[in-house]
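Here's the structure, in structure tokens; my notes come after.
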Amino acid sequence: MVAKIITGKTIGGVIRYNEQKVKHGQAKLLQMGGFAVKNLTVNDKIQIFKQVQKLNKRTKTNTVHISLNFSPKDKVNEFTLQRIAEDYLKGIGFENQPYLLYQHFDAAHPHIHLVTTNITWEGKRIETHNLGKIKSEKTRREIEGRYQLVKAEEQRKQKVNLLQSLEKAAYGKRETKASISNIVQEVIRTYQFASLPELNAVLEQFNVCAYRGEKESDMFKKSGLVYSILDAAGNRVGVPVKASSIYSSPTLPRLEKMFFRNKEARKQHRETLRGQIQEVLKSCSSLDEFTSRLRPKGIKPVFRINEEGRLYGVTYIDNVNRCVFNGSALGKDLSANSLSARFSLNADLPYDLEREQEVKMGWHGNEPGKRTQLVESSPNSYQTEDPTPYELKQKKKKKRKKRIQ
């Protein structure tokens, strides 16, 4: 069991986040601890917590949001989850605190969320500094033994192909924002990618994409980012969701910081992935065979082929170890140009252009704040919703102003 503790200042936001999950069928309220009345509205729940928090106005960080994550191998029913939650709260010193227990169904593994406060009914503050390292770790190990759960250390080592456990987005099937949020949060939480195109390579497997807008747009200039559902043809459909409106806030500035960290973190998987791909490549005679033989290993190559049939880019996604590499990052023999030559796919593209041309949908950067603009767009690059050129929009705005005057 993996326990994660987040402290904050807005109890309302945390409760609304969980209640939204309930509203869309992605979570269930299992238990309300410390509440005299059970049939409460969302606002009622928030107000009760706020009344407790007002007993100590000096403490600003007064909200505690805990998630307990279990292995897919753990067989935990609702009753067991309630008992585990009670034992955990007691172990960390929160047994007398009001709390809400939610079971979530939006990830590939069973998990619950606990919402509580570190302000007691007497107005005292429960110390949360090092709560995770000291009390939580001890309690977690005791619960693992008591309920015969997969240990956190083993759970982190388990390798599960996310493609087999995370539902793809389908426009009109579920509420757009909820569907996108589930996929985006799970991918960003578990995958190691070092650029926006690499992130999109993963997201597109689940019919979702991150979009910056056209280079001339205000959204692009202001480092904005939205997420959209893709149809079967790879076109964006429906109303896009702002990155800032998703609970984990996967905005461009936040992603930039992750790119740099992930570039180092994924190195541990490079040689293993490279070896697996090379072994398969030895006996393949076509791209189709190459793709199909990598599939059982949880590896998906994403090829970029232009209108002339020229292969100009390849990205490898390891859905088991949850990492992404451009072909050139794994080695010259696994690059687009090398594959083109091997399978006779118009192999006349210089090797040093692969990395440049694999960059699609805006920019590529391995360090925060450093961006390289796209030189040549992919034929599959997403178009803006409004085809009106930026220059014409500006002219229209000017004319309107003149008329008003």
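If you count by UniProt numbering, then the sequence shown holds residues 1 to 405, one letter each, in order. Beta carbons are placed, not taken as given, at the ideal position from N, Cα and C, and that holds for glycine.
Between the alpha carbons of A341 and S283, how many angstroms are there, rounded? Taking the sequence shown and counting its residues from 1, one reaches residue 341 at position 341. Taking the sequence shown and counting its residues from 1, one reaches residue 283 at position 283. Here the alpha carbons of S283 and A341 stand approximately 15 Å from one another.
Check V14 in the structure and name its three-state DSSP category. Walking along the sequence shown from the start, residue 14 turns up at place 14. Three-state DSSP puts V14 in a helix.
Hey, out of V202, I229, T190, P253, whose CA is closest to F220's CA? By 1-based counting over the sequence shown, the position of residue 220 is 220. The residue from V202, I229, T190, P253 with its alpha-carbon nearest to that of F220 is P253.
Best match in A210, R189, N235 for proximity to K242 [C-alpha to C-alpha]: Start at 1 with the first residue of the sequence shown, and residue 242 comes out as number 242. With distances taken between Cα atoms, K242 lies closest to A210.
F70 in three-state terms, based on DSSP: Counted from its first residue, the sequence shown places residue 70 at position 70. Reduced to three states, the DSSP call for F70 is coil.
With 16 other Cβ atoms within 10 Å as the buried cut-off, status of R236: Here residue 236 is taken as the residue at index 236 of the sequence shown, counted from 1. Buried is the label assigned to R236, since at least 16 other Cβ atoms lie within 10 Å of its Cβ.
Candidates P72, F206, L114, G91, of which the one nearest N179 by Cα: Taking the sequence shown and counting its residues from 1, one reaches residue 179 at position 179. Checking the displayed sequence, the identity of residue 179 turns out to be Ser instead of Asn. Ranking the options by Cα distance to S179, first place goes to F206.
CA-to-CA distance, L199 to N326, given in whole angstroms: Reading the sequence shown from its first residue, position 326 is the one you call residue 326. Reading the sequence shown from its first residue, position 199 is the one you call residue 199. Going by the C-alpha atoms only, they are around 11 Å apart.
Can you tell me whether G91 is buried or exposed, with buried defined as 16 or more other CB within 10 angstroms of its CB? As a working mapping, residue 91 is identified with position 91 in the sequence shown. Under this definition G91 is a buried residue.
Between V202 and I46, is the Cβ-Cβ spacing less than 8 Å? Counting from one through the sequence shown, the residue named residue 202 turns up at place 202. Counting from one through the sequence shown, the residue named residue 46 turns up at place 46. In this structure, V202 keeps its C-beta atom at 8 Å or more from the C-beta atom of I46.
Taking the C-alpha atoms as reference points, what is the distance between E144 and L101? On the sequence shown, position 144 is the one that residue 144 refers to. On the sequence shown, position 101 is the one that residue 101 refers to. Those two C-alpha atoms are separated by around 19 Å.
Let me confirm a value: A232 is counted as buried when at least 16 other C-beta atoms fall within 10 Å, else exposed. Which label applies? Position 232 of the sequence shown, counted from the start, is the residue given in the question as residue 232. So A232 ends up on the exposed side.
Answer yes or no: does any C-beta atom of chain C fall closer than 8 Å to that of A233? The structure shown has no chain C; it contains just one protein chain.
Extent of the continuous beta strand (DSSP E) to which F303 belongs: On the sequence shown, residue 303 is found 303 positions in, with the first residue counted as 1. Taken as a continuous stretch (DSSP letters only), the beta strand (DSSP E) holding F303 covers 299-305.
Return the CA-CA distance between E19 and R295, expressed in angstroms with no decimal places. Indexing the sequence shown from 1 puts residue 19 at position 19. Indexing the sequence shown from 1 puts residue 295 at position 295. In a straight line, the C-alpha of E19 is about 38 Å away from that of R295.
DSSP state of Q97 mapped onto helix, strand, coil: As a first step, residue 97 must be located in the sequence shown, where it is residue number 97. For Q97, the three-state secondary structure derived from DSSP is coil.
What are the start and end residues of the alpha helix (DSSP H) that includes D288? As a first step, residue 288 is located in the sequence shown; it is residue number 288 there, counting from the start. Where D288 is concerned, the enclosing alpha helix (DSSP H) stretches over 287-294.
Nearest-angstrom Cβ-Cβ length linking P149 and F70, presumed shorter than 8 Å: For the purposes of this step, residue 149 is taken as residue 149 along the sequence shown, with counting starting at 1. For the purposes of this step, residue 70 is taken as residue 70 along the sequence shown, with counting starting at 1. The question names Pro, yet the displayed sequence has Leu at residue 149. That pair is a contact at about 6 Å.
DSSP three-state assignment for A27, whether helix, strand or coil: Within the sequence shown, the letter at position 27 stands for residue 27. Look at A27 here: in three-state DSSP terms it is strand.
Hey, out of S223, K222, Y227, whose CA is closest to I188's CA? If you number the sequence shown from 1, residue 188 lands on position 188. If we check each option's Cα against that of I188, Y227 comes out closest.
When the Cα atoms are used, what is the spatial distance from N62 to V2? Here residue 62 refers to the residue found at position 62 of the sequence shown. Here residue 2 refers to the residue found at position 2 of the sequence shown. N62 and V2: Cα-Cα distance of roughly 23 Å.
Apart from the five residues on each side of it in sequence, which residues of its chain come closer than 6 Å, Cβ to Cβ, to N321? For the purposes of this step, residue 321 is identified with residue 321 of the sequence shown, where counting begins at 1. Within the same chain, N321 has close Cβ partners H269.
For P301 and R293, the rounded distance between their alpha carbons: To locate residue 293, count along the sequence shown from 1; it is residue 293. To locate residue 301, count along the sequence shown from 1; it is residue 301. R293 and P301: Cα-Cα distance of roughly 11 Å.
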